[in-house]
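Encoded as structure tokens, the structure appears first; notes follow it.
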Amino acid sequence: MILSYLCPWVLPFARSIVPSLQPSYLEFISLIIASILSCLLHGFCQAKQGYVIYRVHVRRGGRKRPVPKGIVYSKPTNQGVTQLKFQRSKRSVAEERAGRKLSGLRVLNSYWIDEDSTYKYSEVMLVDTAHAAVRNDPRINWICNAVHKHRELRGLTSAGKKYRGLRGKGQLNHKARPSRRASWKKNQTLSLRRYR
1 MILSYLCPWV
11 LPFARSIVPS
21 LQPSYLEFIS
31 LIIASILSCL
41 LHGFCQAKQG
51 YVIYRVHVRR
61 GGRKRPVPKG
71 IVYSKPTNQG
81 VTQLKFQRSK
91 RSVAEERAGR
101 KLSGLRVLNS
111 YWIDEDSTYK
121 YSEVMLVDTA
131 HAAVRNDPRI
141 NWICNAVHKH
151 RELRGLTSAG
161 KKYRGLRGKG
171 QLNHKARPSR
181 RASWKKNQTL
191 SLRRYR
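Residue numbers (UniProt numbering): 1 to 196.
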């Protein structure tokens with residue numbers, strides 16, 4: 001349930017990326033990671049040190065092809081400009097924008113909070129890897145390694161793995177790993193021994 005302080009009619013008038021004083025989906029937060037936030041205390045959420053939550057809105061609708069004056073120098077089958085569907089979700093775009101805006105923090109995860117006819121609203125959880133409370137916590141200090149810089153830009157968050165098709169496992173999903181493009185390329189490549 002969304003907290004009462006989060007009035008849906010107030011959200012469209014805020015900036016696209018704003019800090020959130022307290023999470024809107026406490027139940028979902030507890031499902032994502034239990035160590036981020038402590039219990040609810042006198043109506044306010046006592047946050048854990050080193051974590052911040054930002055509210056991001058992304059405009060709904062399709063994605064036009066970014067070509068000047070709608071001119072696509074291509075074959076007619078690929079000349080579409082409108083009615084194209086972006087392959088990534090709005091939540092993934094929200095993570096990307098928050099990660100670019102707050103480049104010194106690491107994106108941990110995100111969750112949907114609200115939507116209207118114009119925007120979809122998400123809250124993005126970010127971690128300060130320079131904070132001592134984060135570096136000394138064995139449950140989260142894995143994110144301090146350099147390989148986790150800009151996880152959201154490489155499809156490594158939960159929303160990123162979803163649009164990459166990595167939610168499923170087993171025989172029906174074997175062409176999705178390590179990626180759809182890598183699997184296709186491997187199947188199209190003929191590899192022969194030099195002496196055969």
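Backbone N, C-alpha and C define an ideal beta-carbon position, used for all residues, glycine too.
The model shown is predicted, which means the values in this text are computed figures rather than measured ones.
Problem - Stretch pair the stretch 180-190 + the stretch 133-143: three plus CB contacts closer than 8 Å - result: no
Handout entry: N109: first and last residue of the uninterrupted beta strand (DSSP E) it sits in
Key = As a position in the sequence shown, residue 109 is number 109, starting the count at 1. Taken as a continuous stretch (DSSP letters only), the beta strand (DSSP E) holding N109 covers R106 to E115.
Handout entry: Neighbour-count burial assignment, A146, 16 or more Cβ in a 10 Å radius
Key = Here residue 146 is taken as the residue at index 146 of the sequence shown, counted from 1. Counting Cβ neighbours within 10 Å, A146 comes out exposed, since fewer than 16 surround it.
Exercise for the section: Within its chain, find whatever has a CB closer than 6 Å to the CB of V58; leave out the 5 residues flanking it on each side and keep chain order. Expected result: As a first step, residue 58 must be located in the sequence shown, where it is residue number 58. The answer, listed in chain order, is K90, V93, A94 and K120.
Problem - Given L126 as reference, the closest of P76, G61, N109 and A14 once Cα atoms are compared - result: Walking along the sequence shown from the start, residue 126 turns up at place 126. Considering only alpha carbons, the answer is N109.
Practice task
Would you kindly work out how many angstroms separate the C-alpha atoms of T189 and K48, rounded to a whole number?
Solution key: Numbered from its first residue, the sequence shown carries residue 189 at position 189. Numbered from its first residue, the sequence shown carries residue 48 at position 48. Taking the straight line from one Cα to the other gives about 50 Å.
Handout entry: Between the CA atoms of A176 and G104 - distance to the nearest angstrom
Key = Taking the sequence shown and counting its residues from 1, the one referred to as residue 104 is at position 104. Taking the sequence shown and counting its residues from 1, the one referred to as residue 176 is at position 176. Whole-angstrom Cα-Cα distance: 31 Å.
Problem - Three-state secondary structure (DSSP) of A34 - result: Here residue 34 refers to the residue found at position 34 when the sequence shown is read from its first residue. Because the pLDDT at A34 is just 48, under 50, the model does not fix this residue reliably, and the value given afterwards should be weighed accordingly. In this structure, A34 counts as coil in the three-state DSSP scheme.
Problem - Residue environment, A133, which counts as buried when at least 16 other CB atoms sit within 10 Å - result: Working through the sequence shown from its first residue, we reach residue 133 at position 133. A133 comes out exposed.
Exercise for the section: In the DSSP assignment, find the unbroken alpha helix (DSSP H) run with S183 in it and report its ends. Expected result: The residue you call residue 183 lines up with position 183 of the sequence shown. Taken as a continuous stretch (DSSP letters only), the alpha helix (DSSP H) holding S183 covers R180 to Q188.
Problem - S24 classed as buried or exposed, judged by whether at least 16 other C-beta atoms fall within 10 angstroms - result: In the sequence shown, residue 24 corresponds to position 24, counting from 1. Under this definition S24 is a buried residue.
Exercise for the section: Identify, in the order they occur along the chain, each residue of the same chain with its Cβ nearer than 6 Å to the Cβ of K101, setting aside the five sequence neighbours on each side. Expected result: Position 101 of the sequence shown, counted from the first residue, corresponds to residue 101. Contacts found: I17.
Practice task
Could you check what DSSP says for K75 in three-state terms: helix, strand or coil?
Solution key: What you label residue 75 is simply residue 75 of the sequence shown in a count that begins at 1. K75: coil per DSSP, three-state reduction.
Practice task
Report the option in T82, F86 and Y51 whose CA atom is closest to the CA atom of G70.
Solution key: Position 70 of the sequence shown, counted from the first residue, corresponds to residue 70. Nearest of T82, F86 and Y51 to G70, Cα basis: T82.
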